[in-house]
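All remarks here apply to the structure that follows.
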Amino acid sequence: MKRLETTIAIFVAFIFIANGALAHGVEKVKSVEEVVNEIVAKQNMASIDEIDCNKISGADFEQLGDALMERMVGSHELHEQMDDMMGGEGSESLKQMHIAMGRNWLGCSGLQGMMGMMPMMMRMMGNYYPAYYTGYNTLLGFSIVGWVLSAISIILLVFVVTGKIKVQKRRK
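If you're matching positions, the sequence shown starts at 7 in our numbering and goes up one per residue.
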C-alpha cells in the first residue's frame with residue numbers, strides 16, 4: 007500500500023512540475039488596448055483619433071499587429087500556428103504582416119477608401135467562425151460517438167428484423 011501511495015505522490019508531483027515548466031514557456035502578448043495606450047502616450051495625445059501615423063515606429067505597428075492577430079484568432083496556440091505558417095518568429099514576412107495589420111487598424115495604411123483587410127480577416131481568422139471556438143472539439147467528439155452508436159444500432163436492428171441475428175427470449 008505504501009508503494010502505491012509513493013507512486014501516486016511522485017506522479018502528482020511530476021504533473022505539477024511539468025505544468026509549471028509549460029507556464030514559463032508561454033509568452034504574454036499585450037492587449038490591443040495596452041499597445042494603443044502606449045502609442046497615444048508616446049505622442050502625448052488624448053485619444054487615438056489624434057495620433058499622427060508618421061510618428062509611429064515600425065516596431066509599434068508590429069506590436070499592435072501582433073496584439074490584433076492574437077485577438078482575432080482567439081487563442082495563443084492558434085496565433086503561434088499562424089505565425090509559423092507565415093515564416094515563424096523573427097521572419098521578415100511575419101514582421102511585415104504584423105506591421106500591415108497595425109497600420110490598417112489605426113487607419114494609416116492609405117486604404118481608408120476601401121474596406122481594408124480587417125473586416126475580411128475578422129471573419130476568416132476566428133472571431134466569428136465557430137470552428138475556432140476552443141470548446142468545440144469536446145462537443146464534436148461526443149456527437150461523433152453518438153452518430154457511431156446510432157449507426158451500430160440501426161445495423162443491429164436491420165439484422166434482427168431480417169432474421170440474421172436471432173434474439174432468444176428468456177424463460178422463467
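The beta carbon of each residue, even a glycine, is placed where N, CA and C say it ideally should be.
First and last residue of the uninterrupted alpha helix (DSSP H) at residue i
i: Lys101; result: Glu98 to Leu112
i: Asp58; result: Taken as a continuous stretch (DSSP letters only), Asp58 belongs to no alpha helix (DSSP H), as it is neither H nor E.
i: Val46; result: Val38 to Lys48
i: Glu86; result: His82 to Met91
Whole-number beta carbon distance between residue j and residue i, since they are thought to touch under 8 Å
i: Met107; j: Leu100; result: No, Met107 and Leu100 are not in contact; Cβ-Cβ is about 11 Å, not under 8 Å.
i: Val42; j: Leu70; result: 7 Å
i: His6; j: Glu76; result: Here the chain covers residues 7 to 178 and nothing more, so residue 6 does not appear.
i: Val35; j: Asp72; result: 6 Å
Distance between residue j and residue i (C-alpha atoms, nearest Å)
i: Arg176; j: Ala157; result: 27 Å
i: Asp89; j: Lys172; result: 59 Å
i: Val166; j: Glu95; result: 60 Å
i: Ile16; j: Gly152; result: 37 Å
i: Ile62; j: Glu68; result: 10 Å
i: Ser53; j: Val38; result: 14 Å
i: Phe188; j: Gly64; result: Any question about residue 188 goes unanswered here, given that the chain covers just 7 to 178.
i: Trp23; j: Val154; result: For the sequence presented, residue 23 should be read as Ile rather than Trp. Ile23 and Val154: Cα-Cα distance of roughly 38 Å.
i: Glu40; j: Glu83; result: 21 Å
i: Ser81; j: Gln87; result: 10 Å
i: Ile160; j: His104; result: 52 Å
Neighbourhood of residue i by C-beta distance below 6 Å, restricted to the same chain and skipping five residues each side
i: Asp55; result: none
Other residues of its chain near residue i: CB distance less than 7 Å, five sequence neighbours each side excluded
i: Ile57; result: Ile45, Val46, Gln49, Met51 and Leu112
Contact set for residue i: own chain, Cβ-Cβ below 8 Å, skip 5 residues either direction
i: Cys59; result: Arg109, Leu112, Gly113 and Cys114
beta-carbon residue i near the ligand SAM non-hydrogen atom, thresh 6 Å
i: Val42; result: Among the components modelled here there is no ligand, and therefore nothing to report on the ligand SAM.
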